[in-house]
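Here is the structure we will look at, set down as structure tokens.
In UniProt numbering, the protein residues as written are 1 to 135.
Take a look at the structure:
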């Protein structure tokens with residue numbers, strides 16, 4: 001996994017740890033990023049077939065994943081099935097959206113972007129499905 005690009009879900013701490021645990025137990029098969037974060041970082045939108053080493057809160061590779069589907073969509077298009085695939089126990093898209101809006105408006109994201117993003121129905125997100133390769 002050391003030769004793969006790293007993937008950090010959320011910021012180090014409990015939220016990242018829950019995400020990594022959900023990948024390892026098979027409950028998490030999707031994750032979402034704000035397109036604006038990719039653009040600010042100068043990173044291209046990933047593509048199906050791309051592989052990543054998912055890092056734990058200590059910065060160590062915890063899992064290898066391969067993207068199976070990547071879509072750039074307005075946040076309003078995230079549906080209940082996708083929300084459940086995120087493996088965080090969301091009952092549906094409304095709960096998923098509220099949680100993601102909180103994260104996208106968080107201090108860490110605002111610091112990275114240089115401002116707190118405004119989230120509307122048309123805000124673009126990168127919706128990514130994956131499969132776990134290892135361990």
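Ideal Cβ placement from N, Cα and C applies to all residues, glycine included. Model, not experiment: these values are computed from the prediction.
Exposed or buried, what is residue i when buried is set at 16 or more other beta-carbons lying within 10 Å of its beta-carbon?
i	result
residue 13	exposed
residue 120	exposed
residue 84	buried
residue 97	buried
residue 28	buried
residue 114	exposed
Candidates the options: which alpha carbon is nearest residue i's?
i	options	result
residue 48	65, 74, 87, 92	65
residue 72	125, 3, 131, 98	125
residue 38	127, 102, 135, 134	127
residue 107	10, 2, 3	10
residue 42	133, 132, 135, 112	112
Taking 7 Å as the limit between beta carbons, can you name the residues of its chain near residue i, skipping five residues before and five after?
i	result
residue 93	78, 79, 80, 83
Per DSSP, what kind of secondary structure is residue i in: helix, strand or coil?
i	result
residue 42	coil
residue 10	coil
residue 108	helix
Does the distance from the CB of residue i to the CB of residue j come in under 8 Å?
i	j	result
residue 22	residue 88	yes
residue 105	residue 116	yes
residue 57	residue 17	yes
residue 63	residue 109	no
Leaving out the 5 sequence neighbours to the left and right, which residues in its chain are closer than 6 Å to residue i when beta-carbon positions are compared?
i	result
residue 5	52
residue 67	46, 48, 50, 128, 130
For chain D, check one thing: does any of its Cβ atoms lie closer than 8 Å to the Cβ of residue i?
i	result
residue 41	Of the chains in the structure shown, none is chain D; there is only one protein chain.
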